[in-house]
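Residue numbers (the numbering used here), protein chains in the order written: chain A, 46 to 157; chain E, 361 to 475.
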C-alpha cells in the first residue's frame, strides 16, 4: 500500500526566503505526482503535476522536482511572500486502481 | 470556466439525522471523486465515478453512505444516519478522462458538523 509522508508538518519562514517542501512515497511505481495548495476552510488548488517521465516542472516562483527511484519530490518556492501561507499537499496515483494517496501536508507560514 | 461547485458549504445536524451533499464537476470532466478530509489530514477517497459508473467505492461505508451520479454529470453524496464521527469536510473533485491519472480540480468542500 502506498504511503506518502510530508515533513515537516509545519514551517515558518520570514518573507523573501527561498524554501523547500518535501514529499516522500514508498511505492516508486507512480504515474505522476501532483502538488496542491489548501487555504484554511477552502478546497485544494492544483499547483503542479509532474509526469513520471519528467524530472521537474515549473510555474512562476514554484519548481517541483521528482526522483522516482528514491521516492521523493520537492516543491521549491522562491522569494516567499505572506500570500504563500497555506498548507501544501502532495499526492500520487499508484497501484492497479491508480488510487490517489495524499500526504498530510506541510503548513507554511510566511511572516511579513 | 466554472470550477467544481459544491453545496452546501456548511451543514450542522444532530446525530442520526440524514444529510446530502451535491457536486457539479467541471464541464467535460468524465471522472468525479468524493473525498473525506479530517482536520490536519490529507483527503481520503470515498468513491470515484467514471461517467455514471462507480468504479472504486471500496472505502465508502456502505451501511450509511450512498452516492449517485445521474447522467454522468452532477453527483450527490448522502449519509443516513449521520454519526458524530462523520464530522469532517467532504470534498468533490473532477478530472478529464478516465485514466485516473489526470490533474484533479477540487471544489470548496462541504463542512459537516454532527452534534
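From the three backbone atoms N, C-alpha and C, an ideal C-beta is built for every residue, glycine too.
Please read all numbers here as calculations on a predicted model, not as lab measurements.
Three-state secondary structure (DSSP) of residue i
i, result
"residue 59 of chain A", "strand"
"residue 438 of chain E", "strand"
"residue 138 of chain A", "strand"
"residue 112 of chain A", "strand"
"residue 375 of chain E", "coil"
"residue 417 of chain E", "coil"
"residue 464 of chain E", "coil"
"residue 399 of chain E", "coil"
"residue 153 of chain A", "strand"
"residue 475 of chain E", "coil"
Any C-beta of chain A under 7 Å from that of residue i
i, result
"residue 410 of chain E", "no"
"residue 463 of chain E", "yes"
"residue 428 of chain E", "no"
"residue 385 of chain E", "no"
"residue 420 of chain E", "no"
"residue 403 of chain E", "yes"
"residue 469 of chain E", "yes"
"residue 406 of chain E", "no"
Contact check, residue i vs residue j, beta carbons under 7 Å
i, j, result
"residue 371 of chain E", "residue 472 of chain E", "yes"
"residue 79 of chain A", "residue 123 of chain A", "no"
"residue 65 of chain A", "residue 125 of chain A", "no"
"residue 464 of chain E", "residue 88 of chain A", "no"
"residue 73 of chain A", "residue 113 of chain A", "yes"
"residue 93 of chain A", "residue 153 of chain A", "no"
"residue 365 of chain E", "residue 384 of chain E", "yes"
"residue 392 of chain E", "residue 454 of chain E", "yes"
"residue 363 of chain E", "residue 147 of chain A", "no"
"residue 323 of chain E", "residue 373 of chain E", "In the structure as shown, chain E starts at 361 and stops at 475, and residue 323 of chain E therefore has no counterpart that could be examined."
"residue 81 of chain A", "residue 134 of chain A", "yes"
"residue 52 of chain A", "residue 63 of chain A", "no"
Limits of the beta strand (DSSP E) - the one that residue i falls within
i, result
"residue 82 of chain A", "77-83"
"residue 448 of chain E", "448-455"
"residue 408 of chain E", "404-410"
"residue 66 of chain A", "64-70"
Neighbour flag for residue i against chain E, beta carbons, 7 Å
i, result
"residue 70 of chain A", "no"
"residue 134 of chain A", "yes"
"residue 94 of chain A", "yes"
Burial state of residue i, where buried means 16 or more other Cβ atoms lie within 10 Å
i, result
"residue 111 of chain A", "buried"
"residue 429 of chain E", "buried"
"residue 387 of chain E", "exposed"
"residue 77 of chain A", "buried"
"residue 128 of chain A", "exposed"
Cβ of residue i within 7 Å of any chain D Cβ
i, result
"residue 56 of chain A", "The structure shown contains no chain D; the protein chains it does contain are A and E."
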